[in-house]
Structure formats: structure tokens, C-alpha cells
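The C-terminal residue of the sequence shown carries number 388 in the numbering used here, and the numbering is unbroken. Just so you know, even glycine gets a beta-carbon here, dropped at the ideal spot from N, CA and C. Here the structure comes first, spelled out in C-alpha cells, and everything after it is commentary.
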Amino acid sequence: MLTIISSLWGFAILAGLSPSVVRSVTMFSFVAFGMFLKRSTNIYHTLMVSILLILLFEPSFLFDVGFQLSYVALFFIFWLQPLLASLWVPKNKVANYFWEILTVSFAAQIGAFPLSIYYFHQFPGLFFVTNVIIIPFLSVIMALGVFVMVFAAFDYVPQFPAKVLEWSIYLLNKIINWVASFEQFIIKDISFNWQLLLTLYFLIVIVIIWFKKPSFKKLSFVFIALLFFQTAYFATRWNNQQQREWIVFNVKKSTLITERIGEGVTAFCNDSIQKEVENNPTLKSYLVANFSAITASKKLQNLYFFKGKKILIIDSLGVYQKEIKPDIILLVQSPKLNLERLFQTFKPEIIVADASNYKTYIKSWKATCRKEKIPFHATGEKGFFRLK
Numbered sequence: 001m002l003t004i005i006s007s008l009w010g011f012a013i014l015a016g017l018s019p020s021v022v023r024s025v026t027m028f029s030f031v032a033f034g035m036f037l038k039r040s041t042n043i044y045h046t047l048m049v050s051i052l053l054i055l056l057f058e059p060s061f062l063f064d065v066g067f068q069l070s071y072v073a074l075f076f077i078f079w080l081q082p083l084l085a086s087l088w089v090p091k092n093k094v095a096n097y098f099w100e101i102l103t104v105s106f107a108a109q110i111g112a113f114p115l116s117i118y119y120f121h122q123f124p125g126l127f128f129v130t131n132v133i134i135i136p137f138l139s140v141i142m143a144l145g146v147f148v149m150v151f152a153a154f155d156y157v158p159q160f161p162a163k164v165l166e167w168s169i170y171l172l173n174k175i176i177n178w179v180a181s182f183e184q185f186i187i188k189d190i191s192f193n194w195q196l197l198l199t200l201y202f203l204i205v206i207v208i209i210w211f212k213k214p215s216f217k218k219l220s221f222v223f224i225a226l227l228f229f230q231t232a233y234f235a236t237r238w239n240n241q242q243q244r245e246w247i248v249f250n251v252k253k254s255t256l257i258t259e260r261i262g263e264g265v266t267a268f269c270n271d272s273i274q275k276e277v278e279n280n281p282t283l284k285s286y287l288v289a290n291f292s293a294i295t296a297s298k299k300l301q302n303l304y305f306f307k308g309k310k311i312l313i314i315d316s317l318g319v320y321q322k323e324i325k326p327d328i329i330l331l332v333q334s335p336k337l338n339l340e341r342l343f344q345t346f347k348p349e350i351i352v353a354d355a356s357n358y359k360t361y362i363k364s365w366k367a368t369c370r371k372e373k374i375p376f377h378a379t380g381e382k383g384f385f386r387l388k
């Protein structure tokens, strides 16, 4: 038992103690200890104890995406895979081996599906193809890797196994790249929030419970769970329809402003990014998160009105009309101006500077605003600026 546990944790240290590796090693350490005591181990108890132990020593793992995905996937493998495997029992050993790989893949993917969409807003349609190809390869690579590492510990690396290991890894990476090249099977830009996440997990769990032992009462709970999910979806869309906001994004060396009314977004930007504004990763993330789409793309102006606020934009020319009494001043493209003189003309509520300005200018403006006791918002320091 000591040899097994020492080997497991030695591998974990060698792998850099990543959350997924720590999870696996901790859980199997408990399994090894239970087997040593000759006691039957409840896999769900082992799973929960390993979670508790890991979070006692590293509470921040709770917010690690890899930690969440690995435990959710593992739980569904233990819970759902036997049910999927019982749907068909092949008599052929080879067919049975690949059927088990498929059922494990589907069980893990069903469990990780809501979290994957929530964090990454996309879903790989060919996950089962990748797993069927990769898992047999991994068995060979791991066996060869251990063999080569044992010899390497004694300062001797046999040429043939090392070359086979090298080419196996190379071929595996090529296969992964080939499968990933079919981008048409990757469903991207899926809008998803935490309300939909919780209700979808509730629906999945209720459906599996009903599928294990069907009954009318359980079926009624399935429809209730489906109703919750639909309610969360329509409530989210309705809430977005009622929202209005004006945002200055933090885009390096460029100016990007959006005005969102419901699910329609108008983008205001300078000429350098206007043609490719829809492909801007920052803006795309914002659109996906808010269930919205770009309805128009316009050239940057010097004056905007939003919810009773007058917003003056001063660009590199440093030109502005003194008759304007702006509530907010946005500085873009490093205008050469004296803020103290500007404050003699205007008394704005706040000064905003985006990422298109020189850092030295931003530092000077910040000091002047502090002196004049006027709030200063630099998107490079505080992130995007929003009016709601």
C-alpha cells in the first residue's frame, strides 16, 4: 500500500500537482487504503472525502475549472456509465472494449456538458470520435512511458522503446489536430448563464433518475424540471430585453464603444478595427454573455447622449466646443491637452481614458484628477467603463 501511494504522489508531483491529477491521486489513495484494510469502499464516499481533503488544503481549487469539470465528469462516469453500458452488451471482446469507451465518453460528456458551455460557450461534436481513438493510444503511451522512465532512472534509455514512445506521442497529437480541424462540428458562441446552468443540471439529474426506473411520478418531475429550464431561459431573454447600457471596452491601441438596447448592439469604433469589429474577441465574449448581436457598426463620434448623460469624446486632435457641458469626458488616442485648463471650462462627473492612450499620459491625467478631486477611470487598470 505504501509503495502504491508513494508512487501515486510521486507521479502527482512530477505532473505539477494540477487539480485534475491531485483529484485522481487523492481518490485512488483512499481506494488503496480501503483495499489494504480489506473493506469494501463506496466510490461516492471516496469521491466526497477526496473533495473535502483537497479543499481543506487548497480551498481555491473549488473555483478551478479543471477541478470542477474533472469531479463532475467522474461522478457521472460512476453514476451514469453502468446504465448506458447495460443498454447493449456485445459478445465480442473488441466490440465490448470500444462500447465501454463510448459509454464512458458519453457519461463524462453529459456530466461536463453544462459546465463546458457555461465556461467556454462551445461544444465539441466529435468528442466521442476523439476518445475512441485516443484512449487505446494512451494505454500504449503510458506503458511505454513507465518502461522508458524506469530505465532512465538508471541512466540508460533503450533506443527502440524511446523512439516508439516519441512517434506514438507525435501520432497522437496529429490525430487530435486532425479531429480538431473539423470546425464545422464545433458549436460555438452558445449563450449560457448560471441560472441556465443550475436548471439544466437539475433537468439532467431528474431525467437520469427517471431513466433508471421509469414511473409516472418521476416523469412528472422531468416535466417540472424542463419547465424550470424553459422559465430560466425566457426570464433571461426578457431581462436582457429590458436592459440598456453604454460601454467603453479595454481594447489595446484602439477605441471600441457599444450601446446595447435589449439584444441589439451598436458598435462605435475607429477605422482601424471597424471592418473586423465582429471578430473582436472582447466584443464577441460580451455578445455571447448578453445573448445579443451587432445590429450596426458606426464610425466614432465626438458627442453621445445616453440616459440623460452627455458624453464628450476628445481624440488625438484635442478639439472640443466650449459650449458643451459634458457629464462624462472620454479621452482617446492620446490627445495633447492640459486637464487643469479643461477643468476650468468643464466640471465633469468623471474622466475616462481607454487603452488607446499612452501610459505616460494616463499617469499624468490620473494625478491631475486626484488633485482636482474628480474621479478617473482608466480601462487598462479598472477594466471596461459602463453606464446603465
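The criterion of a C-beta distance shorter than 7 Å is not satisfied by I351 and I324.
Beta-bridge partners assigned by DSSP to L330: I313 and V352. In the three-state reduction of the DSSP assignment, K298 falls in the strand class, which pools E and B. Around the beta-carbon of Q241, fewer than 16 other beta-carbon atoms lie within 10 Å, marking it exposed.
The residue from P335, L303, K174 and L287 with its alpha-carbon nearest to that of Q321 is L303. In the DSSP assignment, T255 falls outside any alpha helix (DSSP H), carrying neither H nor E.
Across the structure, A32 and M1 are spaced so that their CA atoms are roughly 6 Å apart.
When DSSP assignments are scanned along the region 67-142, the uninterrupted stretches of alpha helix (DSSP H) that are 4 or more residues long and fall wholly within it turn out to be 93-120. Nearest in C-alpha terms to F384, of all of A353, L55, R370 and F182, is A353.
The C-alpha of I257 is placed about 8 Å away from the C-alpha of L300. Contact check between the region 328-345 and the region 360-371: three or more CB pairs, one atom from each, fall below 8 Å, which counts as touching. Counting only residues of its own chain and dropping the five nearest sequence neighbours on each side, L53 has a CB closer than 7 Å to the CB of T26. Looking from the CA of K218, the closest CA among T231, F229, Q230 and I204 belongs to I204. If the five residues before and after F78 are omitted, its C-beta is found closer than 6 Å to the C-beta atoms of I43, all from its own chain and listed in chain order. Y304: member of the beta strand (DSSP E) spanning L303 to F306, first to last residue. Remark: fewer than three beta-carbon pairs, one from each stretch, lie closer than 8 Å, so the region 192-210 and the region 165-183 are not flagged as touching.
With contacts defined as CB atoms closer than 7 Å, E259 and W246 qualify as a contacting pair. Under the three-state reduction of DSSP output, F291 falls in the coil class, being neither helix nor strand. In terms of Cα proximity to K174, the closest of C269, I134 and A143 is I134. Judged by DSSP in its simplified three-state form, V65 adopts helix. C-alpha of W210 to C-alpha of S356: approximately 56 Å in a straight line. Beta-bridge pairing by DSSP links A267 to T258 and S297. If you draw a straight line from the Cα of S24 to the Cα of E100, it comes to about 20 Å.
With three or more CB-CB distances shorter than 8 Å, the region 69-78 counts as touching the region 108-122. When DSSP reads this structure, V248 sits in a beta bridge with I257 and F385. When the five nearest sequence neighbours on each side are left out, the beta carbons in the same chain lying within less than 7 Å of the beta carbon of F36 are those of M1, in order along the chain. DSSP, reduced to helix, strand and coil, places I186 within a strand of the structure shown.
Taking C-beta atoms as the reference points, A12 and V22 count as a pair closer than 7 Å.
L55 is a Cβ neighbour of L62, given a cutoff of 7 Å. With a cut-off of 8 Å on Cβ pairs, the region 119-131 is not in contact with the region 149-169, counting fewer than three such pairs.
Excluding its 5 nearest sequence neighbours in each direction, K212 has C-beta neighbours in its own chain below 8 Å: L83, listed in chain order.
Spatial neighbours of Q81 in its own chain (CB-CB distance under 6 Å, excluding positions within 5 residues in sequence) are listed in chain order as T103, V104 and A107. Leaving aside the five residues that flank F98 on each side, the residues in its chain whose CB is nearer than 7 Å to its CB run, in chain order, V132.
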